[in-house]
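To start, the structure itself, in structure tokens.
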Amino acid sequence: MWTRTGECNGCGECCKTVNIIAVRDATLEQHGNLEELKLYLSYRGIRVVGEDVEKNRLYYSLEVPCRELAPDHRCRVHLTPGKPLICYRYPWEKDDIEECGYRFVPGGGGRLGRQEEKSG
Ligand code: SF4
Ligand code: SF4
13 MWTRTGECNG CGECCKTVNI IAVRDATLEQ HGNLEELKLY LSYRGIRVVG EDVEKNRLYY
73 SLEVPCRELA PDHRCRVHLT PGKPLICYRY PWEKDDIEEC GYRFVPGGGG RLGRQEEKSG
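13 is the number of the first residue of the sequence shown in our numbering; add one for each residue after it.
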């Protein structure tokens, strides 16, 4: 169990990539092994950034910036009906973005609801 601490510093990093979770065993069966999968996906601009054997997951990252991300890292649709719910909720679990102002520390009771202050 983890608790989220910190706050959004508006760095905009989470708006520059799309992160996808894949089913690990089925994917590796299809491609043969992890290196083959990485090679195949690299030609499409997709990076395998992690795996969790216990949860049977692979983590992909695609460098596709959001079209609503302004040059000053502000979200153009912040506090409008056009902002996806997932953007308010991010991050709901540990991620690998160094610049992010949120951190996860061991312990329960973290706040994972809508983040009205998150503008990035
Ligand atoms: S909609 Fe806004 S918060 Fe969501 S990814 Fe795009 S710029 Fe970022
Ligand atoms: S949620 Fe984190 S990564 Fe995203 S803009 Fe805020 S500080 Fe940056």
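Backbone N, C-alpha and C fix where the C-beta goes; we use that ideal spot for every residue, glycine too. These numbers were taken from a predicted model, which means no experiment stands behind them.
query = Quick one: what's got a C-beta closer than 6 Å to E128's C-beta in the same chain, skipping five residues either side?
reply = The pLDDT assigned to E128 is 43, lower than 50, so where the model puts this residue is not dependable, and the model offers no usable value.
inquiry  = In whole angstroms, give me the CA-to-CA distance for V65 and Y72.
reply    = 15 Å
query = Got a sec: does ligand 2 put a non-hydrogen atom nearer than 7 Å to the Cβ of N31?
reply = no
task = Alpha carbon to alpha carbon, how far is V61 from D84? Give it in angstroms, no decimals.
result = 27 Å
ask   = Skipping 5 residues on each side, what residues in its chain have a beta carbon closer than 6 Å to that of E25?
value = I109, E111
query = Using the rule of at least 16 other Cβ atoms within 10 Å of the residue's Cβ for burial, across every protein chain shown, is L70 buried or exposed?
reply = buried
ask   = Listed in chain order, which residues are found with a beta carbon closer than 5 Å to a heavy atom of ligand 1?
value = C27, C78, E80, L81, C87, C99
inquiry  = Does L49 pass the burial test, meaning 16 or more other C-beta atoms within 10 Å, or should it be called exposed?
reply    = buried
query = Could you check where the alpha helix (DSSP H) with I98 kicks off and where it finishes?
reply = 97-101
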